[in-house]
Amino acid sequence: MTVSEKALRQAITTIASIDGISMNPQHLLLDILALSKVPSFAEEQTFNSVVGTIAKALREIVNNHAIGDNLKNDFTGFKSLHTKSDYPTDPPHDDLRIVYEPETKQVWVIAFGHRYLPDYFYERVRQSNRL
């Protein structure tokens, strides 16, 4: 089963409308598409739930820039928040990641997505030249 174009558009709107975050629009689209390719998220209701989980986590970041773990190596200066969808593929581990740069008034979101699917999250971010 595939996620409908309507659900993809709604997911983009949901994330883009969160006050206090900024994100490159192309990267937002790519991250939404990548989420829709995760086999366990391919049902539309499941996909919508996962987008809701990410939106909730983004709001938490906006309210507290200090949450998340400091990253190192290629990602020095950035933070990563790990959270769990309602459909984890590797229980009991957090299966979702959000990489962001806390700024004074806004949070710059670098990427979000599943930890391993469709491929390893941090490698995908590194290769996409988002940093």
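In this note's numbering, the protein residues as written are 3 to 133. Every residue, glycine too, gets a C-beta built ideally from N, C-alpha and C.
- Boundaries cannot be given for Glu45, as no beta strand (DSSP E) includes it and DSSP labels it neither H nor E.
- Taking C-beta atoms as the reference points, Pro104 and Lys74 fail to come closer than 8 Å.
- When C-alpha distances from Ile14 are compared across Gly22, Gln47 and Gln28, the shortest belongs to Gln28.
- According to the DSSP assignment, Thr15 belongs to the alpha helix (DSSP H) that extends over Glu7 to Ala18.
- With at least 16 other beta carbons inside 10 angstroms of its own, Tyr102 counts as buried.
- Here the alpha carbon of Thr4 sits roughly 36 Å from the alpha carbon of Thr78.
- The residue from Tyr89, Asp121, Glu45 and Val64 with its alpha-carbon nearest to that of Thr106 is Val64.
- Taking each of Lys8, Asn66, Leu60 and Gly22 in turn and checking the Cα distance to Phe49, the smallest one comes out for Lys8.
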